[in-house]
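Residue 155 is where the sequence shown starts when you use this note's numbering, and the numbers rise one by one after that.
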Amino acid sequence: MYENTERMMSNEKQPVESFAEANVLQAIPHRPPFLFVDRVVQITPTSIKTERRLRPDEEFFKGHYPNQPIMPGVLLCEAVFQSAGILMSQQIMKLDELDDRVPVLVRVESAKFKRMALPGDCLQLSATFDHRIQDFFFFDGCVHKDGQLLVSIRFILGIVSEVAHG
């Protein structure tokens with residue numbers, strides 16, 4: 155579905171390396187530098203487990219914070235949202251039902267931040283589908299590292315027609 159999307163940084167005009175596996179790139183429209191899932195570890199009809207290794211040269215570490223790099227909490231949440239998007243495209247919805255529509259975040263019901271994510275960490279991301287009301291999909295998600303909970307989140311994704319730019 156999204157495998158032919160060109161991966162370019164608009165300001166530098168050079169390819170951005172992706173560490174994501176092909177199934178991730180085919181399932182969601184996100185691309186580096188805003189792709190936060192490297193691989194799918196496990197997927198069932200209602201849940202997904204993915205991974206993301208935080209590389210020391212990640213752009214966000216340069217400014218958050220220069221001498222004490224920490225992955226921003228909103229990006230931890232985004233990694234879970236992307237995992238849920240993969241689940242939606244691969245399991246929950248029929249692929250032909252998605253057509254030209256994309257999953258977008260419509261609500262965060264709750265988010266709790268327990269620990270920090272640092273350069274070199276391997277994050278275990280998970281999202282569990284709860285229920286659907288029309289084009290709205292309700293999820294619970296979390297981020298772990300080394301068996302410790304970093305973030306827990308409840309959220310809703312909706313599906314919309316692809317945004318026209320012009």
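In this text, a Cβ means the ideal position worked out from N, Cα and C, and glycines have one as well.
In this text, all values refer to a predicted model and were calculated from it rather than measured experimentally.
Residue i and residue j closer than 8 angstroms at C-beta
i	j	result
Val228	Gly312	no
Gly295	Ser237	yes
Ile307	Leu272	no
Phe283	Leu230	no
DSSP state of residue i mapped onto helix, strand, coil
i	result
Leu179	helix
Lys216	helix
Gln302	strand
Thr282	strand
Val262	strand
Leu189	coil
Residues of its chain near residue i, where Cβ-Cβ distance is below 6 angstroms and the 5 sequence neighbours each way are ignored
i	result
Leu189	Ala174
Phe267	Gly227 and Val305
Lys203	Val195, Gln196 and Ser280
Extent of the continuous beta strand (DSSP E) to which residue i belongs
i	result
Gln196	Arg193 to Ile197
Arg269	Here Arg269 belongs to no beta strand (DSSP E), and DSSP marks it neither H nor E.
Thr204	Ser201 to Arg207
**Asked** Whole beta strand (DSSP E) runs in the stretch 222–256 with 3 or more residues, listed along the chain?
**Response** If we require 3 residues or more, the stretch 222–256 turns out to have no beta strand (DSSP E) run fully inside it.
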